[in-house]
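What follows is a single structure, written as structure tokens, with notes after it.
Numbering (the numbering used here), first residue to last: 38 to 511.
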């Protein structure tokens, strides 16, 4: 079959005229319509059985547009898009090999492209020149383009950073921004093409992901790596470190933002060098100073200093033989009306020489609170070792008011001196009508230790202390 190229409607009319004569149908052309002679008109007028419809198809797929006619007779069906005729009857006019005529004159388009979108008209060449219109919308999966193209952004601390992603597709994709985290997973930040970060610091550094989604196939994503340039930032694992002669200690400084910073260690403003007892180890962003067989001259204030091209940062660590501050582990709610078992731990390698306990009642209502007078007790320690560096202690505070709020602080002394006063510990005595709920008591007061072990210690500790006291008296 010879296929003619018809880019003009007049040429198409001439082609149809010749075609009609070759198939022995006498067809006259009148202003673009095909009209059969009156003596050959069918007794029943043709009628469309299919209906016009909006079709949505993903680019690259195949679509078939229906044009089913009842009582077609000798009439000719045309498929056209705009002024371009695609088919006439079973004859394909378009040179595009993707277009085919299927069963019942359905128009099949293989491997659809974006330019295939539009109105497709199935025209019936009768006196009324009737037609049926199908609208085709081409769906395009999203594509992304990050700016800059290499996905790497570097900025100085304190500046404003703009991250941008361009998306295309049909329908228009929505862009989502996330910050990726290997521990907590991605955090959703924004739903726009740009992400603006103001006054950036080291916490803004990391991997940002822009994703585009328009409901067509899978969401697409791209990563942008943000690097923040700044003077080194230092945090210390412990700002106060307990030590004793003959023991080993480790001081740790962590450098954030620039792992290539140079780290220097000082003791009381004197630069330290490695010795047979003193070693310095870097590991990624973690810098350690290890002192073995600790001596009296090793006590003092240490500092770690980090340098890079943008500046210098210093952090301090105190190394002391004095006890660490008391850490209260007793539950806040007492199980009794008039007394409370106060329990705490203290970090100290040497034995404790003296304990100072102060408590007071806190008068309070809905509008104010007024602290009462401190009651001070000096206690001869009878502590229990929980490990080589910690003691567990307990003291029963008696003659308390029921349904009252109290505050307590503790201070301890060893051969190196008194420690810092502890943080205030607040506790409550119960009311007459309040039933003791041990489970609730431990939920309120114990968070960092194994509850069962601490509960057993709390129950047994007063009896241990009493037993030791009896032996001392005897």
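All C-beta atoms in this analysis are idealised placements derived from N, C-alpha and C, irrespective of residue type, glycine included.
DSSP-derived helix/strand/coil call for residue i
| i | result |
| --- | --- |
| residue 92 | strand |
| residue 152 | helix |
| residue 284 | coil |
| residue 9 | There is no way to answer for residue 9, as the model of the chain reaches only from 38 to 511. |
| residue 303 | strand |
| residue 332 | coil |
| residue 398 | strand |
| residue 238 | coil |
| residue 141 | helix |
| residue 377 | strand |
| residue 116 | strand |
| residue 338 | strand |
| residue 354 | strand |
| residue 276 | coil |
| residue 411 | coil |
| residue 290 | strand |
| residue 19 | Outside the shown range of the chain, which is 38 to 511, sits residue 19, and nothing can be said about it. |
Test item: CB-CB of residue i and residue j under 8 angstroms
| i | j | result |
| --- | --- | --- |
| residue 362 | residue 451 | no |
| residue 291 | residue 260 | no |
| residue 356 | residue 337 | yes |
| residue 440 | residue 404 | no |
| residue 365 | residue 462 | yes |
| residue 449 | residue 456 | yes |
| residue 118 | residue 157 | yes |
| residue 263 | residue 190 | yes |
| residue 409 | residue 422 | no |
| residue 197 | residue 270 | no |
| residue 268 | residue 347 | yes |
| residue 273 | residue 352 | yes |
| residue 246 | residue 258 | yes |
| residue 234 | residue 241 | yes |
Classification of residue i by the beta-carbon crowding that lies within 10 angstroms, buried from 16 upward
| i | result |
| --- | --- |
| residue 232 | buried |
| residue 276 | exposed |
| residue 430 | buried |
| residue 285 | exposed |
| residue 328 | buried |
| residue 155 | exposed |
| residue 370 | buried |
| residue 122 | buried |
| residue 311 | exposed |
| residue 116 | buried |
| residue 161 | buried |
| residue 425 | exposed |
| residue 219 | exposed |
| residue 384 | buried |
| residue 187 | exposed |
| residue 358 | buried |
| residue 380 | buried |
| residue 469 | exposed |
| residue 214 | buried |
Contact belief for residue i with residue j at Cβ below 8 angstroms, rounded distance in angstroms
| i | j | result |
| --- | --- | --- |
| residue 308 | residue 317 | 12 angstroms between Cβ atoms; not a contact. |
| residue 177 | residue 207 | 4 angstroms |
| residue 354 | residue 433 | 37 angstroms between Cβ atoms; not a contact. |
| residue 113 | residue 83 | Wrong, their Cβ atoms sit about 11 angstroms apart, outside the cutoff. |
| residue 136 | residue 144 | 7 angstroms |
| residue 171 | residue 89 | 6 angstroms |
| residue 169 | residue 87 | 7 angstroms |
| residue 360 | residue 389 | 7 angstroms |
| residue 344 | residue 298 | 6 angstroms |
Own chain partners of residue i with C-beta closer than 7 angstroms, once the 5 adjacent residues on each side are dropped
| i | result |
| --- | --- |
| residue 126 | 113 and 114 |
| residue 436 | 375 |
| residue 201 | 184, 230 and 231 |
| residue 303 | 309, 339, 340 and 342 |
| residue 420 | 389, 428, 429 and 430 |
| residue 319 | 300 |
| residue 109 | 83 |
Close beta carbons around residue i, own chain, < 8 angstroms, minus the five adjacent residues each side
| i | result |
| --- | --- |
| residue 255 | 178 |
| residue 94 | 100, 149, 173, 174, 175 and 176 |
| residue 407 | 399, 400 and 401 |
| residue 98 | 148 and 149 |
| residue 283 | 330 and 331 |
| residue 477 | Confidence in residue 477 is poor, its pLDDT being 46 and thus under 50, which makes the residue's placement unreliable; the coordinate value appears in the next sentence. So the qualifying residues of the chain are 370. |
Cβ neighbours of residue i in the same chain (closer than 6 angstroms, five flanking residues each side left out)
| i | result |
| --- | --- |
| residue 204 | 179, 181, 210, 212 and 249 |
| residue 459 | 362, 363, 446 and 447 |
| residue 392 | 416, 418 and 449 |
| residue 142 | 104 and 114 |
| residue 193 | 266 |
| residue 238 | 194 |
| residue 167 | 161 |
| residue 217 | 223, 244 and 246 |
| residue 473 | Unreliable positioning characterises residue 473 in this predicted model, as indicated by a pLDDT of 45, which lies under 50. A coordinate reading is not provided. |
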